[in-house]
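*Asks:* Numbering (my numbering), first residue to last: 153 to 1223. No residue lacks a Cβ here, since even glycine has one placed at the ideal position from N, Cα and C. If you're wondering where the values come from, they're calculated on a predicted model, not measured in any experiment.
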């Protein structure tokens, strides 16, 4: 017998290096997550190798459990932030088999490096080598790399395979289950499917998942041929539609050609008339240019004569002007006029200054809200006014500076208040500098220290003044643990001398203090044992009383802060207790004081801000007033000159009036006459020059228009010649068309003007025909993926294409249809029908074998056998498949052999369903999966009973019983069926065949009796069984197993221990 004896795992997830013994009946037991399924996955990985056939963690009962080979190699944790234990690694899974006295080992080395995320797999088989002797380690801690391991194994004489397919072939040879010409070994397939077996409520699903192999008929070639057939049919239909579409386009082209011939005649007439009219316009331009040239010469002569007359008149005007300017009377008047004008300018400026002065005075007095200083005459005293403003400005500057300094102080005070309020909100109280410094120094040295006031509350606020006043600086006593007191003294002593007056109580000496009734100590509430001890010591003997009984006690105090001590009465100064420090009430009171003080400071700041703003405004007024006063001082001197200026102007005007100008007037009258004549001649000259300019402008315009006219005439001539070029066949027709319509110039213009509308009408028709044609072409190009020209002139190309389709391509498509149909039928018969029929017959044979085995087995009083029936909705297809399988190659085509119309329709339906769906679609997979053509059931026979009517043993359908029986009772037939299914692979040669069956999380919901009977059945059949169960199933199953392995996991490492050895050791230890 071939038996699996050991499994060794190296860095397989959490198993660093474990060797696991395997018996004939091996049980793995452990808590969930301990690694049972990890070991089962390792066994099936080393046996099967092909990852696409393996279902890791099959007991999870999911299509994809989330486990993978790289997860096992890198030890996937699933934890966020640390998904894998290793960033690279090498894992080994090794199986050791025994056959009589001989043994061999097989396994796979799987490696992932940092350079790649792909797993490198190295399968091997070593004859006569045990797993403990496999060379794995480079030294005591480091594993060999995959290449080093490969060489060591070859040195050992092992076979190292380049492909897993070759490994599986050799391994199945050694295990005695090799099969030729199969995609996947059926024995291994049954093993893999049994691992993930989960009892279910559907016999059909059980058979498909765990009994019959998943073998799909490959129809890719047949589908391709069917598609070719359908494509050929479609191509022929398309060719017919193509021809019809081309004919429609040609009809539109003929309409376009008719309109185009009409337009050719009209365009000839249009282009000839345009050429002739452009030539006439050019000749008219030449004639008008010659006329303007003669008129330009006449006008130039007139201008020359006027210019001579003007020259003589200008000489006369110049002579008269010179005589007037040298006359003594003229010169005298000119001198007086210049002096008078100068004085008028000065007077105007002085009066303007006087207006400016009055404006400034009004503005300044309005600005200052008072009159400026004046002398006895009522005039502004500039010096006294300036001195007064300067003095006022200096005084205002000093007051403003003082107020601004005061404002800064208020802002600082408010800032300090705000910080203290913020500290109070956070529960912090400001203490005098000494206590805070001492606490900070102690804490820096690692000593816990507290200020007494922070630790206490006051029970009666009515006595708080008395309590605060009595304590005084003792409120700020710094408390430390007794063990730290001596260190605290040393730290206190090292502090600067200004930090003093802070009590540091020796709490050890204050224990067991007396607390008298009505003492101040009773007012102190605290959770701190240190504060409690200190309060009891210093306040426990101070009695609260009234004035009348004050002297009745050694130490006493009243609510009004009178104290009695050492036979002396004293009053506590209000400054001592006005600021509270003890408890929440102290903080609330301090907060209220700070808020009130803040309000006072804010109001004072607002008043001061207003005062500063007013002073700044007054300062600004004074800054503006002083420059204005300076300007007024300057303007007053100018204003004083006004009376003298007015007198001087009057005197000069009188002098001018008394001068005799009679001789001078004669000369002036003669000069005026000559100037009038000169103006008349200049106007005539200007008009002549304008006329000459107009003539020259028109001549220039004609000259500038001539090149465009020449170019236009040439263009029209060229257009006409280009139009008639290569159209000589139309010239005679066009000439007659022209003579018929043109007799004079007026005819040409009228025809050209009116004919454009007629030509446009025909063009519109042509354009519409062109658009129809182009739309038809564009649609054709889009529909047929063509590149036909959009020009109707090239319609001959379309005519040729249409003839080619009619004459050659359409017959070719019809021939292609016939050939593709024949190939599709051949593929359907030879591949789909034959292979599917073969699989169906093999399924029937498998059930015959299994049922033969089941007949020899009795499970208690029950016997089982499988039934399979054709599904009603698949009978027609099965019938066609049988008929097609019976047709011989020499009987012609499939459709010729099928006589019944229903059979033909069934084949056609099959063809269409295959064509219309993708190869991996559910529809096609159903057609190609031989298992889906039947319904399955397990019949249960009760051998202990007999039907009295028929005399036969009664039978029960498991499918029907699943709805009625308990879970464990309904599971039994499934395990029996799996046993029979696997048994058939080794029953003929059990000594030379592996007999392994593996279950993960088996026997769920089965009671102890059924589990025992089931395991005995597997033993009776000679099967080596490996199963894994949770801890709660241990006591039920372990009596039937010869090997029980306890799977443990602690942290990230797993172990496997012999359960019975562990149990014995534990029992011995307890005894």
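I'd like to know whether the C-beta atoms of residue 462 and residue 830 end up nearer to each other than 8 Å.
*Replies:* Cβ atoms of residue 462 and residue 830: closer than 8 Å.
*Asks:* Just reading off the beta strand (DSSP E) that residue 261 is part of, what are its end residues?
*Replies:* Element bounds for residue 261: 254 to 264.
*Asks:* Start and end of the beta strand (DSSP E) containing residue 182?
*Replies:* Run containing residue 182: 177 to 182, per the beta strand (DSSP E) assignment.
*Asks:* Between the Cα of residue 551 and the Cα atoms of 251, 760, 1109 and 1084, which residue gives the shortest distance?
*Replies:* Of the listed residues, the one whose Cα sits closest to residue 551 is 760.
*Asks:* Assess contact between the stretch 705 to 725 and the stretch 737 to 755, defined as three or more Cβ pairs (one per stretch) separated by less than 8 Å. Is contact present?
*Replies:* Segments in contact, no.
*Asks:* What separation, rounded to the nearest whole angstrom, lies between the Cα atoms of residue 1227 and residue 486?
*Replies:* Outside the displayed range of the chain (153 to 1223) lies residue 1227, so it cannot be described from this structure.
*Asks:* State buried or exposed for residue 670, treating a residue as buried only when at least 16 other CB atoms are found within 10 Å of its CB.
*Replies:* By the neighbour-count rule (16 or more Cβ atoms within 10 Å), residue 670 is not buried but exposed.
*Asks:* Identify whether residue 718 lies in helix, strand or coil by the three-state DSSP scheme.
*Replies:* If DSSP states are grouped into helix, strand and coil, residue 718 belongs with coil.
*Asks:* Using a 10 Å radius around the Cβ and a threshold of 16 neighbouring Cβ atoms, would you call residue 943 buried or exposed?
*Replies:* Residue 943 is exposed by the Cβ-count criterion.
*Asks:* Residue ranges of each alpha helix (DSSP H) run of no fewer than 4 residues wholly in the stretch 741 to 828, ordered along the chain?
*Replies:* 794 to 809, all fully within the stretch 741 to 828.
*Asks:* Between residue 1194 and residue 238, how many whole angstroms is the CB-CB distance? I'm expecting something under 8 Å.
*Replies:* Actually they are not in contact, since the Cβ atoms of residue 1194 and residue 238 sit about 36 Å apart, beyond 8 Å.
*Asks:* Can you tell me whether residue 604 is helix, strand or coil according to DSSP?
*Replies:* The answer is helix: DSSP assigns residue 604 an H, G or I state.
*Asks:* Can you tell me where the alpha helix (DSSP H) with residue 729 in it begins and where it stops?
*Replies:* That run of the alpha helix (DSSP H) goes 726 to 729.
*Asks:* At a cut of 8 Å, does the stretch 623 to 643 reach the stretch 697 to 706 through at least three beta carbon pairs?
*Replies:* Output reads no: the stretch 697 to 706 does not touch the stretch 623 to 643.
*Asks:* Closest to residue 305 by C-alpha separation, out of 286, 292 and 317, would be which residue?
*Replies:* Closest option to residue 305, Cα to Cα, is 286.
*Asks:* Could you spell out the range, first to last residue, of the beta strand (DSSP E) harbouring residue 1202?
*Replies:* 1195 to 1202 is the extent of the beta strand (DSSP E) around residue 1202.
*Asks:* Using a Cβ-Cβ cutoff of less than 6 Å, which residues in the same chain neighbour residue 655 once the five nearest sequence positions on both sides are dropped?
*Replies:* Here the set comprises 626 and 629.
*Asks:* Assign residue 1173 to one of two classes, buried (16 or more other C-beta atoms within 10 Å of its C-beta) or exposed (fewer than that).
*Replies:* With 16 or more Cβ atoms within 10 Å of its Cβ, residue 1173 is classed as buried.
*Asks:* Just curious, the alpha helix (DSSP H) that residue 702 is in, first and last residue?
*Replies:* Looking at the DSSP string, residue 702 is not in any alpha helix (DSSP H), and its letter there is neither H nor E.
*Asks:* How far does the beta strand (DSSP E) with residue 368 in it reach, from first residue to last?
*Replies:* Premise fails: residue 368 is in no beta strand (DSSP E) and is neither H nor E.
*Asks:* Just how far apart, CA to CA, sit residue 589 and residue 614?
*Replies:* Cα-Cα distance, rounded: 32 Å.
*Asks:* Go through the stretch 422 to 484 residue by residue and report every complete run of the alpha helix (DSSP H) that reaches 4 residues or more, in order.
*Replies:* Within the stretch 422 to 484, no complete alpha helix (DSSP H) run reaches 4 residues.
*Asks:* Is it right to say residue 167 is buried, meaning 16 or more other beta carbons lie within 10 angstroms of its own, or is it exposed?
*Replies:* The residue in question, residue 167, is buried, as its Cβ has 16 or more Cβ neighbours within 10 Å.
*Asks:* Does residue 1074 pass the burial test, meaning 16 or more other C-beta atoms within 10 Å, or should it be called exposed?
*Replies:* By the 10 Å Cβ count, residue 1074 comes out exposed.
*Asks:* Kindly indicate the opening and closing residues of the beta strand (DSSP E) around residue 274.
*Replies:* Looking at the DSSP string, the run of the beta strand (DSSP E) that includes residue 274 is 272 to 279.
*Asks:* Determine contact between the stretch 1176 to 1194 and the stretch 1145 to 1160, defined as no fewer than three beta-carbon pairs at a distance below 8 Å.
*Replies:* Enough Cβ pairs lie closer than 8 Å, so yes.
*Asks:* Per DSSP, residue 1179 is paired with what?
*Replies:* Answer by DSSP bridge pairing, in chain order: 179 and 1151.
*Asks:* Evaluate residue 294 with the Cβ neighbour count: other Cβ atoms within 10 Å of its Cβ, from every protein chain shown; 16 or more gives buried, anything less gives exposed.
*Replies:* Exposed: under 16 other Cβ atoms inside 10 Å.
*Asks:* Between which residues of its own chain and residue 593 is the CB-CB distance below 7 Å, once the five residues before and five after are set aside?
*Replies:* Here the set comprises 643 and 647.
*Asks:* Buried or exposed, going by whether 16 or more other CB atoms sit within 10 Å of the CB of residue 1015?
*Replies:* By the neighbour-count rule (16 or more Cβ atoms within 10 Å), residue 1015 is buried.
*Asks:* Pull up the CB-CB distance for residue 781 and residue 516, whole angstroms please, since I reckon it's below 8 Å.
*Replies:* That pair is a contact at about 7 Å.
*Asks:* Among the residues of its own chain, which have a CB less than 7 Å from the CB of residue 384, if the five just before and after it don't count?
*Replies:* Cβ within range, chain order: 965, 968, 969 and 972.
*Asks:* Taking contact to mean 3 or more Cβ pairs, one atom from each stretch, closer than 8 Å, check whether the stretch 1120 to 1139 and the stretch 314 to 322 are in contact.
*Replies:* Because the criterion of three Cβ pairs below 8 Å is not met, the stretch 1120 to 1139 and the stretch 314 to 322 do not touch.
*Asks:* Along the chain, where does the beta strand (DSSP E) that runs through residue 305 open and close?
*Replies:* Where residue 305 is concerned, there is no enclosing beta strand (DSSP E), although the alpha helix (DSSP H) it sits in stretches over 298 to 307.
*Asks:* So for residue 583, helix, strand or coil by DSSP?
*Replies:* Residue 583 falls in the coil class under three-state DSSP.
*Asks:* Where residue 216 and residue 342 are concerned, what is the direct C-alpha to C-alpha distance, given to the nearest angstrom?
*Replies:* In this prediction, residue 216 scores a pLDDT of 49, lower than 50, which makes its location untrustworthy; no coordinate-derived value is stated.
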